[in-house]
Amino acid sequence: MTQYFEIEQRDGAARIGKLMLSPELRTPCILSTTELGKLESPGPVVDAGSFWAVKSDEEFDVRVKQIRKKAGNGTLIILPHQAYPPAIPAESLGKVEKFTATSGENIEGPIGSLLRVGEKPEKTDLYVMEGAGTLENNARRFLETVIELKNHIPPDTALYAPNLALPENIAMLVYLGIDVMDDMRAEIAAYSDIYLTVTGSFHLESLTEFPCRCRVCASSTPAELRKLPKIERAKFLSAHNRDALEAELSLVRERIRAGNLREYIEGQCRVKPWLTALLRLGDFEYSYLEEKTPAFRQNQLLADTSEALSRVEVARFARRVQERYTPPELEILVLFPCSARKPYSTSQSHQKFILALGKYRKFVHEVILTSPLGIVSRELELTYPAAHYDTAVTGHWDEEEKAWVSGCLEAYLSKNRYKAVIAHVEGAYREICERVAGKLGIEMIYTATGNSVSGESLSNLKNTVESICTAESFSKKSLNAEEEKKDFLRAIAKYQFGEDASLLFSEEAGKLAVKGRFPKYQLFAGKKQLATLVPQYGMLALSLEGAELMLESEKYLVKIDDFLPRGSILAPGVIQADPGIRPNDEVIVIGKKALCVGRAVMSGEEMVKSSRGVAVDVRHVKKL
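Okay, so the sequence shown: first residue is 1 according to full-length UniProt numbering, each after it adds one.
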């Protein structure tokens, strides 16, 4: 835990924060390596140097105290350290003499320390990732190291990866959770006549014109630069390379603020194979990224690459549909294709499907097939990201998409059985249905002929549903309008809160009723309002009465100290929090003096482990 670093904004593992130094540093940031070693006139961060020259614990303390006296309490001191490449075996490290005075507990002011995989971290404000620069191009080892370190340090401390940052990889480093970088690689490149850009590097000899129009590049041409002495060329390239780093970092920070860094790196990672590998391997580390990914975002989710199929929001939606969602008790399933317009039911095609079902719609359960989300039930079409994604429509599905959607549909039909399955689909959608039907050994009735919205197709759909519903063997299970609304909210509640959401729908609290017009539904028990559906992201906002019903489950629960909240709840006031809480989740807050409802700003684990920052934005407070 730290008193000098505070996170202000998050986008998954990426975050914007501030190191409260003198002067203040906004993260993610780039440190100047030449400034790090200046002990006479230090900047906000200073490196105390190598531990190899220290002969005793006393000498360690004297050196750090001397630096602190010169630098002042507003400068962060990286403690003296012994650094090794990560590839060195642990048994070899055990043969090297070590000092015990590596703790900064007795040192005033902000400090940083070297962090090695497998060792218990000291309590500092910044951790330096050992040998980060040697892990370039080794995506698996780099990612494993980052995750290992992040899992063992407090969430409200900064992680520094030295000797690694280039304009081409900054976005990926920040996406994976790196807060601090430096310009060492850019400086080395400058003295090697290497010109850096976001899309890769160029040797000065290969350039006819500068692809950048920064203040440095606009003042010269490659031909003019090649005529200069090497030291002058290096100064020129150093200034450009540093500007390129800062420009890219500014863009990354804006992407974090906008909540769309993921979309950016899906394109940016194509610059180098190891960056593409990092993105794909990162998606395999689902728990690391999912814990930090918000329940919903304000911006549209763009699914324009194959990696979109494995991003956290998509995988989480598919998992919750399989694990939490319970369909209504109906015997007929109708599968529809997705539409460009969201929510689907507002599109012209789905309006025609609904019209064709007519009075028999109350007998059927509607599910939409779509890439990248797999399957979306009609009840969840408002819920993020079902109504918030867009994708390139070409009419062509690649094999990866077909396999993903087939897997989602197969898992759903294996768990939920129907007497009749109607597939009103064509093209790749039909191929997916045929695969699943063959694998599960079930019969599907195909009603689309050519175009799913043609008169013939819609007539086939209507006649097929009518014939099934009027058959003597049909049990006539259906939903009236009120039951349909309750099922709609119940499905969203279970998706949002899990099985314990059934506590909201207990008749013991009073007769349940859904009021309001779609999509602004409100759940009432008698005269007490329990929850409101928020159309912007398709999830429920609880009232205090609804929160009281949910208390029994202890899920999405935050326990606070003995105080009455007035506004936001800060992390130091949190005693305990459900580890299943994600940023933007609806949460219930309970303490000796208050019951509250609000929206989480950080994950449950981060609330407990952090010493700074807003944990919950409170909406309603009840004094106990």
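Where is the CB? At the ideal position from N, CA and C, for every residue including glycine.
By a C-beta neighbour count over all protein chains shown, 10 Å radius and 16 as the cutoff for buried, is residue i buried or exposed?
{"i": "isoleucine 88", "result": "exposed"}
{"i": "alanine 13", "result": "buried"}
{"i": "threonine 100", "result": "Confidence at threonine 100 is low in this model, with a pLDDT of 43, below 50, so the placement of that residue is unreliable and no value is reported for it."}
{"i": "glycine 395", "result": "exposed"}
{"i": "asparagine 299", "result": "exposed"}
{"i": "serine 206", "result": "exposed"}
{"i": "leucine 114", "result": "buried"}
{"i": "tryptophan 404", "result": "buried"}
{"i": "threonine 208", "result": "exposed"}
{"i": "methionine 189", "result": "Going by the sequence as given, residue 189 is alanine instead of methionine. Alanine 189 comes out buried."}
{"i": "lysine 592", "result": "exposed"}
{"i": "asparagine 480", "result": "exposed"}
{"i": "lysine 527", "result": "exposed"}
According to DSSP, is residue i helix, strand or coil?
{"i": "cysteine 338", "result": "coil"}
{"i": "glycine 526", "result": "coil"}
{"i": "glutamine 9", "result": "strand"}
{"i": "arginine 26", "result": "strand"}
{"i": "cysteine 269", "result": "helix"}
{"i": "glutamate 119", "result": "coil"}
{"i": "cysteine 596", "result": "strand"}
{"i": "serine 603", "result": "coil"}
{"i": "isoleucine 231", "result": "helix"}
{"i": "phenylalanine 284", "result": "helix"}
{"i": "phenylalanine 488", "result": "helix"}
{"i": "threonine 391", "result": "strand"}
{"i": "leucine 624", "result": "coil"}
{"i": "tyrosine 325", "result": "coil"}
{"i": "glutamine 3", "result": "coil"}
{"i": "glutamine 496", "result": "helix"}
{"i": "methionine 181", "result": "strand"}
{"i": "lysine 515", "result": "strand"}
{"i": "arginine 213", "result": "coil"}
{"i": "isoleucine 368", "result": "strand"}
{"i": "alanine 541", "result": "strand"}
{"i": "leucine 166", "result": "coil"}
{"i": "tyrosine 446", "result": "strand"}
What residue from the options has the CA that sits closest to residue i's CA?
{"i": "arginine 255", "options": "Ser310, Tyr175, Thr326", "result": "Tyr175"}
{"i": "glycine 510", "options": "Ile492, Phe518, Gln529", "result": "Gln529"}
{"i": "histidine 388", "options": "Trp397, Thr370, Glu401", "result": "Thr370"}
{"i": "leucine 279", "options": "Lys292, Glu263, Pro294", "result": "Glu263"}
{"i": "leucine 380", "options": "Glu366, Gly112, Gly37, Leu564", "result": "Glu366"}
{"i": "valine 376", "options": "Phe317, Lys419, Ala308", "result": "Phe317"}
{"i": "threonine 199", "options": "Leu164, Arg319, Ala244", "result": "Ala244"}
{"i": "asparagine 173", "options": "Ile445, Thr27, Asn463, Leu21", "result": "Note on identity: in this sequence residue 173 is leucine, with asparagine being the wrong assignment. Among Ile445, Thr27, Asn463, Leu21, the Cα nearest to that of leucine 173 belongs to Thr27."}
{"i": "glycine 49", "options": "Val64, Ala386, Thr276", "result": "Val64"}
{"i": "methionine 354", "options": "Lys462, Gln82, Asp304, Glu224", "result": "The question names methionine, yet the displayed sequence has isoleucine at residue 354. Here the closest residue by C-alpha is Lys462."}
{"i": "arginine 430", "options": "Ser452, Tyr418, Asn416", "result": "Ser452"}
{"i": "lysine 70", "options": "Leu39, Phe60, Asp61", "result": "Leu39"}
{"i": "leucine 126", "options": "Thr346, Val334, Ile153", "result": "Ile153"}
{"i": "lysine 539", "options": "Pro294, Ile67, Glu605", "result": "One point to set straight first is that residue 539 is methionine, not lysine, in the sequence displayed. Methionine 539 has its Cα closest to that of Pro294, out of Pro294, Ile67, Glu605."}
Can you list, in chain order, the residues of its chain whose CB lies under 6 Å from that of residue i, leaving out five sequence neighbours each side?
{"i": "leucine 25", "result": "Leu19, Pro44"}
{"i": "aspartate 283", "result": "Ser310"}
{"i": "glycine 613", "result": "Glu6, Ile7, Ala571"}
{"i": "tyrosine 191", "result": "Ala234"}
{"i": "aspartate 179", "result": "Thr27, Pro28, Ala158, Leu159"}
{"i": "arginine 361", "result": "none"}
Rounded to a whole number of angstroms, what is the C-alpha to C-alpha distance between residue i and residue j?
{"i": "threonine 33", "j": "proline 162", "result": "9 Å"}
{"i": "valine 618", "j": "glycine 598", "result": "4 Å"}
{"i": "valine 621", "j": "cysteine 596", "result": "4 Å"}
{"i": "glycine 441", "j": "cysteine 433", "result": "12 Å"}
{"i": "isoleucine 332", "j": "leucine 551", "result": "36 Å"}
{"i": "serine 339", "j": "serine 349", "result": "7 Å"}
{"i": "alanine 132", "j": "glutamine 522", "result": "52 Å"}
{"i": "serine 475", "j": "isoleucine 468", "result": "10 Å"}
{"i": "glutamate 119", "j": "tyrosine 84", "result": "13 Å"}
{"i": "tyrosine 288", "j": "threonine 470", "result": "51 Å"}
{"i": "threonine 102", "j": "histidine 81", "result": "Note that threonine 102 scores 47 on pLDDT, short of 50, meaning its location in the model is unreliable; the coordinates nonetheless yield the value given after this. Answer to the nearest angstrom: the Cα atoms are 8 Å apart."}
{"i": "proline 86", "j": "valine 117", "result": "8 Å"}
Is residue i near the ligand SAM - that is, is its Cβ less than 7 Å away from at least one heavy atom of it?
{"i": "glutamate 266", "result": "You won't find the ligand SAM in this model; it holds no ligand whatsoever."}
Give every residue of the same chain whose Cβ lies closer than 8 Å to the Cβ of residue i, excluding the five residues on either side of it in the sequence, and list them in chain order.
{"i": "arginine 226", "result": "Leu204, Glu205, Arg233"}
{"i": "alanine 150", "result": "Alanine is not the amino acid found at residue 150; the sequence shown has lysine there. Excluding residues within five positions, the ones whose Cβ falls inside 8 Å are Ala13, Leu159, Gly177, Tyr288."}
Among residues of its own chain, excluding the 5 on either side of residue i, which ones have a beta-carbon nearer than 7 Å to its beta-carbon?
{"i": "glycine 546", "result": "Leu504, Leu530, Ala531"}
{"i": "aspartate 47", "result": "Leu36, Gly37, Ile78"}
{"i": "lysine 494", "result": "Arg324, Tyr325, Thr326, Ala501"}
{"i": "proline 211", "result": "Thr197"}
Got a sec: is the Cβ-Cβ distance from residue i to anything in chain D below 8 Å?
{"i": "serine 553", "result": "Protein chains in the displayed structure number just one, and chain D is not present."}
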